[in-house]
Amino acid sequence: MTTILCGTMHCVSERYDFTGDELGPAYSAAVDAIEAGELVVLPTDTVYGLAADAFKAEAVQRLLDTKGRGRDMPPPVLISVVDTIDALATDIPEAGRELCKAFWPGPLTVICHAQSSLMWDLGETQGTVALRVPDQADTRELLSRTGPLAVSSANLSGQPAATDVYDAERQLGDAVAVYLDGGVSPKGEPSTIVDLTGDVPTVVRVGALSVEELRKVVRRIAAPGDPAPEDDDEPNKTPAADVSGTTTPESTTTTSSETGPTKADDVEGDAAKTDAAKADAAKADAAKADAAKADAEGDAAKADVREVDVREVDVDEAGADKAAALTADPVASAPVVTEPVVTEPVVTEPVVTEPVVTEPVVTDAGKRDAVKIDADKTDEKPGE
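With the first letter of the sequence shown counted as 1, position 81 gets the number 81 in UniProt numbering; the numbers rise by one all the way through.
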């Protein structure tokens, strides 16, 4: 242990050897300082770090003040094992877990959504936390004894990060209670920071890990200097299927006059109706609408095209009882209209024929049918 005088403040900083097998005194001094809310400088695999208890707000503020940094730049948190990430962070994407699995312990810092239940104040974090597991066995052992530590690089803001304990002492002086001397940092550069809070992992700072190394594990990573993605109005457009079940690159376009796609019976693909067919269909629809409007009693034509109702109609002012029997065949009958009275329509198929006038009598066959029906109804009175 080496005692470092603190000048006019009459305080003492202590430096401990943090190499070899006799680390007991160094662990004890560092743990005591952390528990007291003091600052500790410790070695990591990247650069030396300035550490404070992550759950003591006053200690974290002391760390920021010592570096000359504001609360808008909260420090990362070092943890001893990978599994601790789930205790401190939430909504970690699978890509982020793959990166942590590949590079922890190591020079990778990940920014995650922080657990809302944590009682800490790291600064203006916007609900996030930056986490790392250092690749330094003795420091991980210290973390297992102290718990998570808020750790920033051991330097004054704007100055190069310290890569040995003596550089850290020159910059930070008596603001630090304990310095742990682990020799020269093996990498000498800070960690690479990846933000995992968005849809795609995004490199915030390139450090000891290159973007190429990260992309060997997770291919889709955004990084500084990447070209802007090209606009793609239809990135997942699926080709329209033809009637044979294969696909065609042509898309289906629907105009404002269409109500939707029309299926075709023709397997050769003649799915579109001709203009004449459309006109016939519209004509049939109009005839149906007129017939339905004229139906005072609301009776609908029966669906069977081979049977139709025989109805009695009043065809003249004298009250003569006449009836017309219509026998359907596979071609649909047309709406039957009287003058001046419109009879009920008989609609069986969408094919529409010309209206038939019932005066005086439509056909000879109709006369024979009417005589036969009159004979069957001898017990009925005219005009009923």
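For each residue, glycine too, the CB sits at the ideal point set by N, CA and C.
It should be emphasised that the depicted structure is a prediction, and the values quoted were computed from it without experimental measurement.
(message) Residues in the same chain with beta-carbon distance under 6 Å from N155, minus the five sequence neighbours each way, listed in chain order, please.
(response) A161, A162 and Q171
(request) Output the distance between the C-alpha atoms of V176 and D138, rounded to the nearest integer angstrom. (result) 19 Å
(message) Tell me whether the stretch 214-228 and the stretch 198-205 touch, counting them as touching only if at least three CB pairs, one residue from each stretch, are closer than 8 Å.
(response) yes
(request) Take the Cβ of S157 as the centre, count every other Cβ of all protein chains shown within 10 Å, and call the residue buried at 16 or more, exposed below. (result) exposed
(request) Figure out for me which residue from V12, V47, D32 and V40 has the closest Cα to the Cα of G183. (result) V47
(request) In the DSSP assignment, find the unbroken beta strand (DSSP E) run with D17 in it and report its ends. (result) V12 to D17
(message) Under DSSP, the alpha helix (DSSP H) around I85 begins and ends at which residues?
(response) I85 to L88
(request) Within its chain, find whatever has a CB closer than 6 Å to the CB of I92; leave out the 5 residues flanking it on each side and keep chain order. (result) C112
(message) Helix, strand or coil, according to DSSP, for M1 in the structure here?
(response) coil
(request) For P340, count neighbouring C-beta atoms within 10 Å of its own C-beta (all shown protein chains included) and say buried if the count is 16 or more, exposed if not. (result) Confidence at P340 is low in this model, with a pLDDT of 48, below 50, so the placement of that residue is unreliable and no value is reported for it.
(request) Would you list the residues sitting across from S153 in a DSSP beta bridge? (result) G49
(message) Rounded to whole angstroms, what is the Cα-Cα separation between E124 and E22?
(response) 39 Å
(request) Could you give the DSSP three-state label for T253: helix, strand or coil? (result) Note that T253 scores 35 on pLDDT, short of 50, meaning its location in the model is unreliable and no value can be drawn from it.
(request) Answer with buried or exposed for E14, where buried requires no fewer than 16 other C-beta atoms within 10 angstroms of its C-beta. (result) buried
(request) Within its chain, find whatever has a CB closer than 6 Å to the CB of V178; leave out the 5 residues flanking it on each side and keep chain order. (result) E14, A29, A30, A33 and V40
(message) My parser needs the alpha helix (DSSP H) runs of 4 or more residues fully inside the stretch 141-225; what are they?
(response) 165-172 and 211-215
(request) Could you round the C-beta distance between residue 436 and A95 to whole angstroms and report it? I think they count as a contact, below 8 Å. (result) One cannot answer for residue 436 here, as it falls past the ends of the chain, which runs 1 to 384.
(message) For L149 and A54, which I take to be in contact (beta-carbon distance under 8 Å), what is that distance rounded to the nearest angstrom?
(response) 6 Å
(request) Please report how far the alpha carbon of L42 lies from the alpha carbon of P227, in whole angstroms. (result) 39 Å
(request) Compute the minimum distance between the beta carbon of P43 and the heavy atoms of the ligand GTP, and state whether it is under 7 Å. (result) The ligand GTP is not part of the structure shown, which contains no ligands of any sort.
(request) Determine the closest residue to E38 out of P190, A57, M73 and L99, with distance taken between C-alpha atoms. (result) A57
(message) Do V165 and L78 have their beta-carbon atoms positioned less than 8 Å apart in this structure?
(response) no
(message) Short of 8 Å in beta carbon distance, which residues of its chain neighbour V206, apart from the five on each side in sequence? Order them along the chain.
(response) T192, A223 and P224
(request) Specify, as a first and last residue, the run of the alpha helix (DSSP H) that T109 falls within. (result) Where T109 is concerned, there is no enclosing alpha helix (DSSP H), although the beta strand (DSSP E) it sits in stretches over L108 to A114.
(request) Could you tell me if A87 is buried or exposed, where buried requires 16 or more neighbouring beta carbons within 10 angstroms of its beta carbon? (result) exposed
(message) Could you give the first and the last residue of the continuous beta strand (DSSP E) run that contains A228?
(response) Run containing A228: none; DSSP gives neither H nor E here.
(request) Consult DSSP for R132 and reduce its assignment to one of helix, strand or coil. (result) strand
(request) For P25, count neighbouring C-beta atoms within 10 Å of its own C-beta (all shown protein chains included) and say buried if the count is 16 or more, exposed if not. (result) exposed
(message) Distance check for E189 and D45, CA to CA, integer angstroms please.
(response) 9 Å
(message) Using a Cβ-Cβ cutoff of less than 8 Å, which residues in the same chain neighbour K187 once the five nearest sequence positions on both sides are dropped?
(response) D45, T46, V47, P107 and A208
(message) With a threshold of 7 Å on Cβ separation, who are the neighbours of D266 within its own chain once the five nearest residues in sequence on each side are excluded?
(response) At D266 the pLDDT is 36, less than 50, meaning the model places this residue with poor confidence and gives no usable figure here.
(request) Please say whether T109 and L131 have beta carbons closer to each other than 8 Å? (result) yes
(request) Might you give, ordered along the chain, the residues of its own chain that have their beta carbon closer than 6 Å to the beta carbon of W120, omitting 5 neighbours on each side? (result) A54 and F55
(request) Pick helix, strand or coil for V41, following the three-state DSSP scheme. (result) strand
(message) Taking the alpha-carbon of I85 as reference, which of G127, V194 and Q115 has the nearest alpha-carbon?
(response) Q115
(request) My understanding is that V204 touches V194, with C-beta atoms under 8 Å, so please give their C-beta distance in whole angstroms. (result) 7 Å
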